[in-house]
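All remarks here apply to the structure that follows.
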Amino acid sequence: MSVAQLTLDPAYPIAPVDPRLFGSFVEHMGRCVYTGVFEPGHPKADADGLRTDVLELVRELGVTTVRYPGGNFVSNYRWEDGVGPVDRRPRRLDLAWRSIETNAFGLNEFMRWATAAGVEPMMAVNLGTRGVDDAAALVEYCNLPEGTALSDRRREHGVSKPHDVRLWCLGNEMDGPWQVGRMTAREYGRLASRAGAAMKKVDPSIELVACGSSNADMPTFAGWEATVLEEAYDQVDYVSLHTYYDPEKDDPASFRASAYGLDGFIDDVVATADHVRAKLRKRKRINLSLDEWNVWYQSRFTEPEDRGIEETPALIEDDYTATDAMVVGNLLISMLRHADRLSIGCQAQLVNVIAPIRTRAGGPAWRQTIFHPFSHTARLARGTVLRTAVTAPTMTTGRYGDVPVVDAVATHDPETGALAVFAVNRGTEPVRLDLDLRAFPKHRPGRHVWLAEGATTEPLEQTGGATVNLPPLSWHALTFEEQR
Ligand code: AHR
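Here it is as structure tokens:
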């Protein structure tokens, strides 16, 4: 069996683990909201129509921050449609997904859900069909306590305390030809700068995310980020990254090495942001918000124009394999490794739509394979991410060339002593992983949770150790406890 080696040392930290890395995304798309998080009349729904079975799974998943209400949906959304008396809310045609939006669930329902789920809301404003005035108005409605037209309107709607939303996205994927109101980088950068400035005048304490490219394969990638940041550097705090990995697009080895692609994508956006920083002679650094990421069988996607108009259609309800879960676990490893510049991560999406949680209307809610690496990583990654050196055999991929078969990262919490190691074998042969723990002489093995293609779709658990066999296509979380 081939061997990989991982050396761990608390003397080489990368950065603290930011809880916002374990975010998710609820969009008005398909059945994410309706019959997903919200289903009045469902046996498990509470008095507000929130599905308590889904809420329980969301809490178990360990999600910290949830982006809302889109996605492509936000670029033609009027947030006012979704507030106030439900019986007076309009039924609209949503142009992004060509679905009927009933508006039975809107901003205040989402905030109620976020409180019940124990997550921080991350709101997106519509910069597709709307602009500066609307963006500032939404911050006023959400964040001002009282005494202005919009804060008082919120109070009339039964919400006396401000929602106090810290994190805001300035539109969504504004470079995409599919986006309602798509713009050039210069146009968007200027709009983001003006909208951001107005929003921060309403509430100077908010944090703003500018749209980066829709993915690293966009023809304008990197140039887009540079132009947008040149225009909006002073107003924004983060630039977004979106990336989806399709198991059927490239050769299987490239799919299995998706996290290697994410490493490069993050490094390229950091380099671009820092290039603009140097060019503009700024002190402030722009950090990154990976606010859409996941495995998505995108080659099976039917364009909205090729479907009829429906209310709550079942859209992109992908079923995931254990290999997909390994890739998701590996993407989380990549995210942790970049904790010094990557501040926010939102897996897209949370329920039904390419999601870790699935539901049947009127029926049960269940976990998909990709639920498990997320929930364990969110729970176990604590303290500081350590710089880890992995030596491993390589595999050949069509997209990335030769890539190490084993990838890993570790976190160490100096307060509790907890040490956690996350590892994957993305190759098709078993590998033995030897951990060099000489810098942790008082640590003893704790748990070893893992899943592997062909072995199980539910995680298995056993006692851990410093030598672990990694079956092909497997994901692992190992804990070590300090003897104090
Ligand atoms: O998550 C599904 C869609 O993917 C989002 O609406 C959009 O932002 C992205 O293209």
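Everything in the sequence shown is counted per our numbering, starting at 770 for the first residue and increasing by one.
No residue lacks a Cβ here, since even glycine has one placed at the ideal position from N, Cα and C.
- With respect to the 8 Å criterion, ASP1171 and THR1160 are not classified as neighbours on the basis of their beta carbons.
- Under the criterion of beta carbons closer than 8 Å, GLY1152 and THR1180 qualify as touching, at roughly 6 Å.
- C-alpha of ARG1168 to C-alpha of SER1023: approximately 6 Å in a straight line.
- In this structure, DSSP gives PRO1073 a helical state, which the three-state scheme calls helix.
- Judged by DSSP in its simplified three-state form, GLN1067 adopts helix.
- In this structure, the C-beta of SER983 approaches ligand 1 to less than 7 Å from one of its heavy atoms.
- 8 Å or more divides the Cβ of ASP1036 from the Cβ of SER982.
- Relative to PRO1133, the option among GLN1118, ALA1040, LEU977, VAL823 whose CA is nearest is VAL823.
- When distances are taken from the beta-carbon of HIS797 to the heavy atoms of ligand 1, even the shortest one reaches 7 Å or more.
- The beta carbons of GLN948 and LEU977 sit no closer together than 8 Å.
- Within the stretch 1081-1148, the alpha helix (DSSP H) runs of at least 4 residues that lie entirely inside it are, in chain order, 1091-1106.
- The beta carbon of LYS1048 is closer than 8 Å to those of GLU999 in its chain, skipping five residues each way along the sequence.
- One Cα belongs to GLU808, the other to GLY831, and the distance between them is close to 22 Å.
- A distance criterion of 7 Å places the beta-carbon of HIS1212 beyond contact range of ligand 1, judged by its closest non-hydrogen atom.
- In the structure shown, VAL1154 adopts extended strand secondary structure according to DSSP, grouped into three states.
- In this structure, LEU1229 is the residue among LYS1211, LEU1229, ALA964, ALA1224 with its C-alpha nearest to the C-alpha of VAL1218.
- By the criterion of at least three beta-carbon pairs nearer than 8 Å, the stretch 833-843 is in contact with the stretch 787-796.
- Annotated as distal: SER1009 and ALA1040, with beta-carbon spacing of 8 Å or more.
- Excluding the 5 residues flanking it on each side, ALA1124 has same chain C-beta neighbours closer than 6 Å at GLN1118, in chain order.
- Closest in C-alpha terms to ASP902, from the list THR1012, LEU919, VAL888, ALA886, comes LEU919.
- The C-alpha of VAL1174 is placed about 41 Å away from the C-alpha of PHE879.
- Within the stretch 819-897, the runs of beta strand (DSSP E) that reach at least 3 residues and sit entirely inside it are, in chain order, 834-837, 861-863, 868-870, 889-894.
- In the displayed model, ALA1235 falls within coil according to three-state DSSP, outside both helix and strand.
- Taken through DSSP and simplified to helix, strand or coil, ALA1022 comes out as helix.
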